[in-house]
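There are 2 protein chains.
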Amino acid sequence: MGTAYSGAAVIGQSGGPTNVINHSLIGAVLEASKYPKLITDFYGAIHGVEGILKENFINLRAESLDNLEVISHTPSSALRSVRKKPNKEECKVIFDNFRKHGVRYFFYIGGNDSAETAHIINDFAKKAQYEFHAFHIPKTIDNDLQETDHCPGYGSAARFVAMAFMGANLDNRSIPGIYIGVVMGRHAGFLTAASVLGKKYPDDGPHLVYCPENVFDPEKFVAGVEKVYKKYGRCVIAVSEGVHDKSGQPVIQALKKEVETDSHGNVQLSGTGALGDALSSLIKNNLKVSRVRSDTFGYLQRCFPTIISEVDAVEARTVGEEAVKAAVSGHYEGSVAIRRVSNKPYAVDYEIVELKKVARHTVVMPKEFFEGDSQVSDKFVEYALPLVGELPDIGRLHDISILKGKAR
Amino acid sequence: MGTAYSGAAVIGQSGGPTNVINHSLIGAVLEASKYPKLITDFYGAIHGVEGILKENFINLRAESLDNLEVISHTPSSALRSVRKKPNKEECKVIFDNFRKHGVRYFFYIGGNDSAETAHIINDFAKKAQYEFHAFHIPKTIDNDLQETDHCPGYGSAARFVAMAFMGANLDNRSIPGIYIGVVMGRHAGFLTAASVLGKKYPDDGPHLVYCPENVFDPEKFVAGVEKVYKKYGRCVIAVSEGVHDKSGQPVIQALKKEVETDSHGNVQLSGTGALGDALSSLIKNNLKVSRVRSDTFGYLQRCFPTIISEVDAVEARTVGEEAVKAAVSGHYEGSVAIRRVSNKPYAVDYEIVELKKVARHTVVMPKEFFEGDSQVSDKFVEYALPLVGELPDIGRLHDISILKGKAR
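Okay, here's the thing in structure tokens:
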């Protein structure tokens with residue numbers, strides 16, 4: 001901690017967009033406006049580090065409060081994003097550009113790579129004995145950051161996945177068959193696991209949930225599907241795009257050979273529909289079920305307007321504010337972590353943790369969030385339900401049969 | 001017209017479910033409760049005609065008003081659905097089962113096949129001189145029924161598609177590339193065309209819209225994508241699953257050969273992701289663009305909870321009510337058609353048309369709803385916008401650059 005220097009701030013957004021990432025942006029901009037003497041200007045970097053490298057800065061204080069409010073509710077990164085992780089040389093250029101423009105504060109909204117970028121830039125500042133404040137504002141629908149209880153962006157994407165499966169389950173109940181929904185998540189299954197959150201009746205799907213944390217065994221998969229199908233006459237399945245076999249090979253590659261031998265032609269390895277199509281073929285080739293369908297939720301799950309968790313929106317805004325508060329109170333660096341203080345009623349607190357603790361590594365779902373390799377546990381539901389907010393109520397007819405064969 | 005006989009009513013739901021199909025069900029049930037002397041019982045057939053054939057009827061009047069209200073807001077067919085179009089012999093069994101259970105009223109919620117089913121059953125009743133009232137209640141997300149201005153179910157599915165593309169466009173703007181969204185619709189492009197309804201800024205996507213009404217030419221497609229990509233550095237594309245080449249062959253089959261020759265392996269013909277993947281490959285093989293992604297919206301677009309057009313919900317409920325009103329007022333048969341009385345302000349009226357006018361044939365988008373083969377016209381937007389309801393507002397930063405290179 002030290003006395004904060006007066007200077008400009010730069011904020012950027014990185015990686016995959018979310019439905020609440022602009023809440024973090026607007027939260028930081030508005031909070032900083034309370035400290036005009038410390039933070040003299042507030043710049044936005046267009047396309048994250050790419051914009052900083054090109055000195056493509058915009059004046060965020062030239063925006064009206066009305067417009068900032070609309071933007072906070074607009075999905076996807078208003079400053080536009082970037083998939084670039086700058087190397088050391090580029091981080092040096094970034095630091096030089098900051099110094100050139102009198103930038104004393106840097107806020108980077110993103111995942112663990114963004115935390116690392118902020119960390120490296122901060123090191124350059126330290127070595128140059130340049131008073132600097134570098135902060136990471138957490139964001140990821142994958143929910144895979146260290147230190148924080150959960151990540152802003154996850155709750156809203158999880159809400160989309162939960163509601164998508166509520167609809168898919170009702171659809172599947174009305175016209176029975178086997179339905180596979182492929183959900184984003186290469187290493188962590190948090191988003192796929194959220195598929196169960198809208199289940200209400202005992203026979204509601206998804207009936208099987210496959211996450212990258214568990215080994216995916218095609219034979220066990222087929223047997224599992226068959227069992228559910230025999231019980232309910234239908235089966236709804238949630239699968240992470242990142243599921244892999246016991247050798248660590250992605251399932252889409254592992255299935256290739258098997259799928260090639262079927263009569264329908266070959267499976268395409270690239271392209272987003274491939275895993276769902278391959279799993280459909282696997283079922284069709286092994287079970288006598290004619291109606292097998294798969295959907296890959298793809299990009300819909302991260303930026304669908306209005307499918308926003310209120311809790312997520314508030315927290316996304318708060319982590320933006322907290323990063324600014326920490327900076328102006330003299331912290332030199334840090335990432336904002338969310339601590340869950342209580343689950344019922346749900347309550348959180350915020351804490352500044354060291355950048356290096358968030359940089360580089362990611363987390364996956366703990367074992368206690370699973371029951372076997374195709375079910376999630378009640379513990380996961382307890383953890384995730386407060387993050388997605390109240391889900392819409394759905395109803396069923398009681399199916400009170402009239403006396404069969406009763407003639408008049 | 002004649003005097004309505006007293007007896008039981010049966011209602012069923014057929015074909016793909018929608019987000020408002022239960023409004024039609026509940027609308028009919030509640031309206032009929034006003035005429036207990038004419039409609040003595042109100043039965044639901046489980047899985048449509050399949051339930052009638054098996055005499056699988058439930059007592060809808062045994063449900064509480066509270067539960068019916070929740071069900072009206074629940075996506076997908078509460079009575080469950082069926083893809084079966086009964087043949088003449090089965091229609092005879094259906095009629096016999098109706099007579100056996102004292103059924104004098106039949107309401108069938110569905111598309112043109114459902115209208116035909118009601119028509120055939122009504123013919124049996126006529127020949128048997130059995131006083132009978134057969135009504136079709138229109139429902140389809142494809143919006144392809146004759147006689148009616150538009151179909152209940154379309155507005156809500158169109159709202160999903162419009163909002164999905166709003167999100168996809170914002171996502172694509174933040175991380176540029178080429179994005180293809182494949183939308184339901186084998187013959188009619190109404191749903192795919194709805195992708196443009198949320199466009200706000202001149203450079204917003206979708207930039208190209210391909211519907212089954214126009215011939216899809218792969219070369220023109222690639223050229224069109226290249227032109228947009230050169231102009232905006234990105235391109236968002238909406239494609240109907242039913243697009244076909246000039247010989248009438250589905251594009252997924254036409255592309256097979258071309259895709260097979262690429263280095264990434266072969267395209268799978270079956271499975272829902274195949275068209276999107278094939279079009280991605282087509283672009284990758286012909287343009288120097290690394291980031292090409294495709295999503296197939298699949299089943300998400302028809303039963304996503306809360307993505308409901310208010311106009312659509314009200315109209316779905318009203319067509320259910322109108323069918324019952326027509327039946328108890330002495331009509332023997334008919335389908336409820338929606339007439340647009342005024343567009344600004346939007347106002348509709350309802351009319352009973354003959355079943356045979358709705359049965360069998362379907363409609364596609366009129367020529368005036370297109371501009372060329374990859375754009376929809378303002379006339380379409382005027383037609384469709386009132387049906388989806390007000391879309392959420394989105395905002396943009398003004399990108400007011402700070403003086404480039406200004407050093408402090």
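Residue numbers (my numbering), protein chains in the order written: chain C, 1 to 408; chain S, 1 to 408. Note that CB positions come from ideal geometry on N, CA and C, so glycine has one too.
- Item | S:S401: contacting residues in chain C (beta-carbon distance under 8 Å) | By Cβ distance, chain C contributes N56, F57, I58 and N59.
- Query: Beta-carbon separation of S:G153 and S:V388 under 7 Å?
  - Reply: no
- Item | Other residues of its chain near C:I141: CB distance less than 7 Å, five sequence neighbours each side excluded | G16, T18, G153, Y154, A157, M184, L191 and R302
- Task: Name the one or two DSSP bridge partners that S:S33 has.
- Result: According to DSSP, S:S33 bridges with nothing at all.
- Message: Taking the alpha helix (DSSP H) that S:A244 belongs to, which residues open and close that run?
- Response: Sequence inspection shows His at residue 244 of chain S; the Ala mentioned does not correspond to that position. Taken as a continuous stretch (DSSP letters only), S:H244 belongs to no alpha helix (DSSP H), as it is neither H nor E.
- Query: With DSSP run on the structure shown, which of helix, strand or coil describes C:D349?
  - Reply: strand
- Query: With burial defined as no fewer than 16 other Cβ atoms inside 10 Å of the residue's Cβ, what is the status of C:E390: buried or exposed?
  - Reply: exposed
- Query: For S:T362, which residues in chain C fall below 7 Å Cβ to Cβ?
  - Reply: Neighbours of S:T362 in chain C, taken as residues at a C-beta separation under 7 Å, are lacking, since the least C-beta distance is about 20 Å.
- Using the beta-carbon count (16 or more within 10 Å), is C:A8 buried or exposed? buried
- Element boundaries [alpha helix (DSSP H), containing S:Q253]: V251 to A254
- Item | Closer than 7 Å to chain S by CB, C:T18 | no
- Which stretch, first to last residue, makes up the alpha helix (DSSP H) that contains S:N67? L65 to S72
- Query: Taking Cβ positions only, does S:T192 come closer than 7 Å to chain C?
  - Reply: no
- Item | Contacting residues, own chain, Cβ-Cβ under 7 Å from S:I20 (five flanking each side not counted) | This sequence places Val at residue 20 of chain S; Ile is not what is there. Excluding residues up to 5 positions away in sequence, P152, G153, S156, I308, D312, A313 and A316 lie with their Cβ nearer than 7 Å to the Cβ of S:V20 in the same chain.
- Task: Just the C-alpha distance for C:K284 and S:M365, rounded to the nearest angstrom, thanks.
- Result: Their backbone Cα atoms lie some 35 Å apart in a straight line.
- Message: Is the beta carbon of C:I11 closer than 7 Å to that of C:G51?
- Response: no
- Query: Can you list the residues of chain S that C:F304 reaches, using a CB-CB cut of under 8 Å?
  - Reply: M163, A164 and G167
- Three-state secondary structure assigned by DSSP to C:S401: strand
- Message: Suppose you measure from the CA of S:V93 to the CA of S:A125; what does that come to, to the nearest Å?
- Response: 12 Å
- Task: Answer with buried or exposed for C:Y229, where buried requires no fewer than 16 other C-beta atoms within 10 angstroms of its C-beta.
- Result: buried
- Message: Within 7 Å of any Cβ in chain S, is that where the Cβ of C:N285 sits?
- Response: No, its Cβ sits nowhere closer than 7 Å to a Cβ of chain S.
- Task: Taking 7 Å as the cut-off, decide whether the C-beta atoms of C:P176 and C:G233 are in contact.
- Result: yes
- Query: If we cut at 7 Å on Cβ distances, does C:D262 have a partner in chain S?
  - Reply: Note that C:D262 scores a pLDDT of 32, beneath 50, so its modelled location is shaky and nothing firm can be said.
- Message: My output table needs one value for C:D41: the three-state DSSP class, helix, strand or coil.
- Response: strand
- Message: Can you check whether the C-beta of S:N464 is within less than 7 Å of a C-beta belonging to chain C?
- Response: Summary: the structure shown does not reach residue 464 of chain S, with chain S confined to residues 1 through 408, and so no result is reported for it.
- Specify, as a first and last residue, the run of the beta strand (DSSP E) that S:Y105 falls within. It spans V103 to G110 - the beta strand (DSSP E) in which S:Y105 sits, taken as one unbroken run.
- Message: For S:D171, count the other beta carbons within 10 Å of its own beta carbon; 16 or more makes it buried, fewer makes it exposed. Which is it?
- Response: Buried is the call here.
- Item | Check whether C:A323 and C:F132 have beta carbons under 7 Å apart | Not closer than 7 Å, so no.
- Output the residue ranges of the beta strand (DSSP E) runs that lie fully inside the region 127 to 183 of chain S and measure 3 residues or longer, sorted by chain position. Positions of the beta strand (DSSP E) runs, each at least 3 residues long and wholly inside the region 127 to 183 of chain S, are given as 133 to 138 and 178 to 183 in order along the chain.
- Message: Please list the terminal residues of the continuous beta strand (DSSP E) segment that includes C:T296.
- Response: V292 to T296
- C:D204 at chain S interface by Cβ criterion, 7 Å: no
- Just tell me which of C:K199, C:E241, C:V82 and C:D204 has its CA closest to the CA of C:Y210. Minimum Cα distance to C:Y210 is reached at C:E241.
- How should C:P345 be labelled, buried or exposed, when 16 other C-beta atoms within 10 angstroms of its C-beta is the threshold for buried? exposed
- Secondary structure of S:C211, DSSP reduced to three states: coil
- How do the region 157 to 166 of chain C and the region 196 to 204 of chain C stand: do at least 3 beta-carbon pairs fall below 8 Å, yes or no? Remark: three or more beta-carbon pairs, one from each stretch, lie closer than 8 Å, so the region 157 to 166 of chain C and the region 196 to 204 of chain C are flagged as touching.
- At which residues does the beta strand (DSSP E) containing C:E354 begin and terminate? Looking at the DSSP string, C:E354 is not in any beta strand (DSSP E), and its letter there is neither H nor E.
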